[in-house]
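Undergrad: Please find one structure pasted underneath; my questions will follow.
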Amino acid sequence: MTLKIEIEIDGSAGAGAGGVPPYEQVRAQIAEQARGGTLPVGYKLPTVRGLALELGLAANTVAKAYRALEADGVIETRGRHGTFVAAAGDAAAREASAAAQAFAERAQRLGLSEAGALAAARDALRAAYGDSG
225 MTLKIEIEID
235 GSAGAGAGGV
245 PPYEQVRAQI
255 AEQARGGTLP
265 VGYKLPTVRG
275 LALELGLAAN
285 TVAKAYRALE
295 ADGVIETRGR
305 HGTFVAAAGD
315 AAAREASAAA
325 QAFAERAQRL
335 GLSEAGALAA
345 ARDALRAAYG
355 DSG
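Counting in this note's numbering, the final residue of the sequence shown is number 357, and the numbers go up one at a time with none missing.
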């Protein structure tokens with residue numbers, strides 16, 4: 225299953241018209257999807273240019289939204305690797321999210337299907353926690 229970011233821009237809501245500026249619409253929708261779990265931790269966001277092209281916005285508009293999201297801790301930029309939904313919460317949760325992301329990338333490199341990777345993770349969790357779940 226491939227996730228795709230879903231953002232809708234109200235073009236009539238320009239900053240001068242008393243509406244919500246486009247960068248704020250992008251920022252708010254990504255933040256809501258990340259915090260709500262629609263965009264999971266570790267999800268790789270489109271490039272600034274790619275998302276701008278997809279939404280019909282200027283690259284600077286999307287860049288402004290990404291900077292605001294990064295300042296809020298919603299996303300993180302990993303240099304040339306891209307921009308990702310950041311792990312929220314305490315250090316243990318962040319570390320577990322990083323381990324899960326590493327597992328997902330490794331499972332994909334090994335050629336496992338999503339179902340196969342989930343089964344492997346489920347088996348490991350049962351082994352660690354017992355059958356009580």
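Don't be surprised by glycine CBs; every beta carbon is placed ideally from N, CA and C.
Please state whether DSSP places Val-286 in a helix, a strand or coil.
TA: helix
Undergrad: Label Arg-273 either buried or exposed according to how many other C-beta atoms from any shown protein chain fall within 10 Å of its C-beta, with 16 as the threshold for buried.
TA: exposed
Undergrad: Please list the terminal residues of the continuous alpha helix (DSSP H) segment that includes Ile-254.
TA: 246-260
Undergrad: Beta-carbon separation of Pro-246 and Ile-231 under 7 Å?
TA: no
Undergrad: From Ala-255, Gln-249, Pro-264, Gly-235, pick the residue whose C-alpha is nearest to that of Ala-324; which is it?
TA: Pro-264
Undergrad: Determine contact between the segment 296-309 and the segment 250-265, defined as no fewer than three beta-carbon pairs at a distance below 8 Å.
TA: yes
Undergrad: Where does Glu-300 fall in DSSP's three states?
TA: Glu-300 sits in a strand when the DSSP states are folded into three classes.
Undergrad: Out of Ala-348, Lys-268, Lys-288, which one is the CA nearest neighbour of Glu-300?
TA: Lys-268
Undergrad: Considering Val-309, what are the terminal residues of the beta strand (DSSP E) in which it resides?
TA: 307-309
Undergrad: In this structure, how does DSSP classify Leu-263 when only helix, strand and coil are distinguished?
TA: coil
Undergrad: How close, in whole Å, do the beta carbons of Ala-344 and Leu-336 come, if the pair is a contact with beta carbons under 8 Å?
TA: 7 Å
Undergrad: For the candidate residues Gln-249, Lys-228, Thr-271, whose alpha-carbon lies nearest to that of Arg-304?
TA: Thr-271
Undergrad: With distances taken from CA atoms, which of Glu-248, Thr-262, Val-244 is nearest Lys-228?
TA: Thr-262
Undergrad: In chain order, what residues of the same chain have a beta carbon less than 6 Å from the beta carbon of Ala-283, not counting five sequence neighbours either side?
TA: The answer, listed in chain order, is Val-272, Arg-273, Ala-276.
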